[in-house]
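Q: Mind looking over this structure? Questions follow.
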Amino acid sequence: MATILVLYHSSHGSVEAMANEIAETLSAQGATVRLRTFVQRQPHDIVVTKQDLIECDGLAFGTPTRFGMMAAQAKTFWETTSDVWLKGQLIDKPACVFSSSSSMHGGNEATLLNLSLPLLHHGMMLMGVPYDVPELLSTESGGTPYGATHVAGLDNSDQLTETEIKICRAVATRLYTVAKKLL
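Counting in full-length UniProt numbering, the sequence shown runs without a single skipped number right up to 183 at its last residue.
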């Protein structure tokens, strides 16, 4: 059984909804899931530690887009992980990324690439969404080959679409499948 860290920051609930879909999918497949945030915004939030990162067998990492970049809360955390990097403690662990924006062209793909950078520096193996996921070809909102995405609307009121949920589930399944094979 693989332990997967689902690590996220959410401002208005969209990324949290994605993280929960990913976590539920992983749990249903038998993974031990650690659902963590960067800062405690709600009483049920558990703040990530570097030990969570070191002990995971795989990582799902998401934040809302901030002008095509990850949220500052996530960047601040990654900047504290030099000791983990120097010891190579994340090398060859699989990872995936996910993001939400307020508009269709709000920077989701750029954010996914930005989220990927610290993971690649740490030697992690990035899992995208392959085109054998049919929803990737028919989406009218979120979803890219770089990772799962959501378009929340300008007032952040749009819920995850069924297509976006299926893409979250597909990337979670792929992450867990690879993590199990690497144990």
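Note that beta-carbon positions come from the ideal geometry of N, C-alpha and C, so glycine has one too. Computed from a predicted structure; not experimentally measured.
From the DSSP output, in three-state form, read off PRO145 for me.
A: In this structure, PRO145 counts as coil in the three-state DSSP scheme.
Q: Only counting runs of 3 or more residues, tell me where the beta strand (DSSP E) segments fall wholly within the stretch 42 to 97, in order along the chain.
A: As far as the stretch 42 to 97 is concerned, its whole beta strand (DSSP E) runs of at least 3 residues are 58 to 64.
Q: Under a three-way DSSP split, which group does VAL6 fall into?
A: If DSSP states are grouped into helix, strand and coil, VAL6 belongs with the strands.
Q: Going straight from the alpha carbon of ALA60 to that of GLN29, what length do you get?
A: Cα to Cα, the separation comes out at about 15 Å.
Q: Where TYR176 and ASP155 are concerned, what is the direct C-alpha to C-alpha distance, given to the nearest angstrom?
A: Cα to Cα, the separation comes out at about 33 Å.
Q: Taking the alpha-carbon positions, what's the ILE165 to LYS181 distance?
A: Cα to Cα, ILE165 sits roughly 25 Å from LYS181.
Q: Could you tell me whether the stretch 62 to 79 touches the stretch 7 to 15, using the rule of 3 or more Cβ pairs below 8 Å?
A: Yes: the two stretches touch, three or more of their Cβ pairs being nearer than 8 Å.
Q: With DSSP as the reference, please indicate the residues paired to ARG34 in a beta bridge.
A: DSSP lists LEU5 as partners of ARG34.
Q: Report yes if the CB atom of ALA74 is closer than 8 Å to the CB atom of HIS9, and no otherwise.
A: Their beta carbons are under 8 Å apart, which means ALA74 touches HIS9 by this criterion.
Q: The alpha helix (DSSP H) spanning SER138 covers which residue range?
A: Taken as a continuous stretch (DSSP letters only), the alpha helix (DSSP H) holding SER138 covers 134 to 138.
Q: Using the beta-carbon count (16 or more within 10 Å), is LYS93 buried or exposed?
A: Buried.
Q: For THR173 and SER116, I'd like the C-alpha separation in whole angstroms.
A: C-alpha separation (whole angstroms): 19 Å.
Q: State the CB to CB distance for the pair LEU119 and LEU126, rounded to an integer number of angstroms; the pair is presumed to be in contact (CB under 8 Å).
A: At roughly 6 Å, the Cβ-Cβ gap stays under 8 Å, so LEU119 and LEU126 are in contact.
Q: So for LEU154, helix, strand or coil by DSSP?
A: LEU154: coil per DSSP, three-state reduction.
Q: Return the first residue and the last residue of the alpha helix (DSSP H) that MET18 is part of.
A: Element bounds for MET18: 14 to 28.
Q: How many angstroms separate the CA atom of LEU26 from the CA atom of GLN51?
A: Roughly 20 Å between the two C-alpha positions.
Q: Given a cut-off of 8 Å, decide if PRO145 and VAL171 are closer than it, judged by their beta-carbon atoms.
A: Their beta carbons are not under 8 Å apart, which means VAL171 does not touch PRO145 by this criterion.
Q: Please classify LEU160: does DSSP put it in a helix, a strand, or coil?
A: LEU160 falls in the coil class under three-state DSSP.
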